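Counting along the sequence shown from 1, when you hit position 25 you're at 25 in full-length UniProt numbering, and nothing is skipped either side.
For every residue, glycine included, the Cβ atom is placed at its ideal position computed from N, Cα and C.
Computed from a predicted structure; not experimentally measured.
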Amino acid sequence: MNQEINREMIELSIPHRSEYVSMIRLTVTAIASSMGFDIEDIEDIKVALSEACSNAIMHGGCGAEENFVVQFVREQERLTISVSDFGKGYSVQTLQAPKLEELNEGGLGIFIIRSLMDDVKIKTGSSQGTSITMIKNLREEA
1 MNQEINREMI ELSIPHRSEY VSMIRLTVTA IASSMGFDIE DIEDIKVALS
51 EACSNAIMHG GCGAEENFVV QFVREQERLT ISVSDFGKGY SVQTLQAPKL
101 EELNEGGLGI FIIRSLMDDV KIKTGSSQGT SITMIKNLRE EA
């Protein structure tokens with residue numbers, strides 16, 4: 001079913017416009033499906049990727065003329081996805097867990113990503129942009 005994959009990298013440079021998120025979702029669906037991920041994991045990956053792209057679009061700080069970058073790395077046992085923008089960045093230490101009694105629209109993206117993916121790393125800092133790297137491991141079939 002799944003061909004041997006050593007390591008392949010696919011990179012897209014995307015304009016800061018929300019209409020391109022559906023294209024990115026289609027791309028990751030094709031990649032994850034070809035690797036053997038099940039539909040539940042593919043849906044989790046698509047939601048996490050959409051959240052990361054929305055963060056890049058909203059908080060990237062660059063005008064529509066600048067792009068953000070989505071990188072997919074296919075390996076035998078996992079899919080690694082990185083979404084990087086070139087905005088101002090922010091302090092990861094200031095992120096707090098959301099309070100269920102005070103849920104507002106927005107501000108939950110990082111927490112959603114962390115709940116859906118197996119590993120998440122955020123690299124950010126003032127004037128260096130933000131990169132969210134998400135890993136989903138391929139589960140053994142029962």
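- By alpha-carbon distance to V83, the top candidate from I39, A52, P15, S18 is A52.
- Check the Cα spacing between E8 and each of I113, L26, R74, I31: the tightest is with R74.
- Considering only R139, Q128, S50, E140, the residue with the shortest C-alpha distance to R114 is S50.
- Counting only unbroken stretches of 3 or more residues, the beta strand (DSSP E) elements lying wholly within the stretch 51-89 are 67-75, 78-84, in sequence order.
- For M35, the uninterrupted alpha helix (DSSP H) segment begins and ends at 21-35.
- For N137, the CB contacts under 7 Å within the same chain, skipping 5 residues up- and downstream, are E77, R78, D118 in chain order.
- Annotated three-state conformation of E140 is coil, per DSSP.
- Residue state for D38 is assigned as coil, using DSSP reduced to three classes.
- Here L108 is actually not in contact with A48; their C-beta atoms are around 12 Å apart, not less than 8 Å.
- Judged by DSSP secondary structure, S115 falls within the alpha helix (DSSP H) whose first and last residues are 109-116.
- Partner residues in a beta bridge of V47, as assigned by DSSP, do not exist.
- Annotation: the continuous beta strand (DSSP E) that includes R7 extends over 7-15.
- Here I39 is exposed: its Cβ has fewer than 16 other Cβ atoms, across all protein chains shown, within 10 Å.
- Sorting F111, D85, E11 by C-alpha distance to the C-alpha of I57 places D85 at the top.
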